[in-house]
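Going by my numbering, the first residue of the sequence shown is number 3, and it counts up by one from there. We put the CB at the ideal spot given by N, CA and C, even for glycine. As the structure is a computational prediction, the values presented were derived from the model and not from experiment. So the structure is just underneath, and the comments pick up after that.
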Amino acid sequence: MTLQRTILVVDDDAELSDGLRLILERQGHKVLQARDGRQAREMVDRVRPDLVILDMMMPRMGGYPVLEHYKDRPDAPPFIMITANEGSRHKAYAELLGVVDYLRKPFPMERLLEAVDKAFGTAQPPPSAEQGT
């Protein structure tokens, strides 16, 4: 039996957000949704999700100010950033702010599930790593 975790999906694209919600719920997770960074900060502080999947570009407040707000907080959840942006500087900055993974849209859902497993520390080692022991 898998432990049910609470995941906050933050994206202004309702279709993508709903799709992620369905996939993550099928994996046994409880999924909450926010449409921008301000809503995300309110929900993180109120609900304390186990993971936040965060879009970079959104109205009102994007993903970077959210990451900057939680960067040095020991009670902050892990973050996965999702974005259509191709810039390597953006990825480097997100990593500097502590994201556990950075996914460029469009991404295969298997890749998202791998990132979620990585964030929860349940990722399976690659087959080559298992063969080495």
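Residue i vs residue j beta-carbon contact at 7 Å
i      : j      : result
Asp57  : Asp13  : yes
Gly64  : Gly39  : yes
Arg34  : Leu10  : Arg is not the amino acid found at residue 34; the sequence shown has Leu there. Yes. Within cutoff.
Lys120 : Leu99  : no
Ile25  : Met111 : yes
Coarse secondary structure for residue i, derived from DSSP in three states
i      : result
Phe81  : strand
Asp47  : helix
Leu2   : Any property of residue 2 remains undetermined from this structure, which presents the chain solely from 3 to 135.
Arg75  : coil
Gln41  : helix
Lys32  : strand
Thr135 : Its pLDDT being 45, under 50, Thr135 is placed unreliably in this model, and the value from its coordinates should be taken loosely. Correct three-state label for Thr135: coil.
Asp103 : strand
Leu10  : strand
Met3   : Bear in mind that a pLDDT of 43 at Met3, under 50, signals an unreliable position, so the model cannot answer this.
Phe122 : helix
Ala94  : helix
CB-CB length for residue i against residue j, believed under 8 Å
i     : j     : result
Asp52 : Arg7  : 4 Å
Ala42 : Val68 : 5 Å
Candidates the options, of which the one nearest residue i by Cα
i     : options                       : result
Ala2  : Pro110, Tyr66, Ala117, Leu115 : Outside the shown range of the chain (3 to 135) lies residue 2, about which nothing can therefore be said.
Val49 : Phe122, Asp77, Arg23          : Asp77
Ala86 : Arg75, Val118, Glu70, Phe109  : Phe109
His92 : Ser19, Met59, Glu17           : Met59
Gly21 : Glu44, Gly123, Leu115         : Leu115
Ala16 : Gln29, His31, Ala36           : Ala36
Next on the checklist: Using a Cβ distance threshold of 8 Å, determine whether the region 98 to 115 contacts the region 66 to 85, with at least three qualifying pairs required.
Outcome noted: yes
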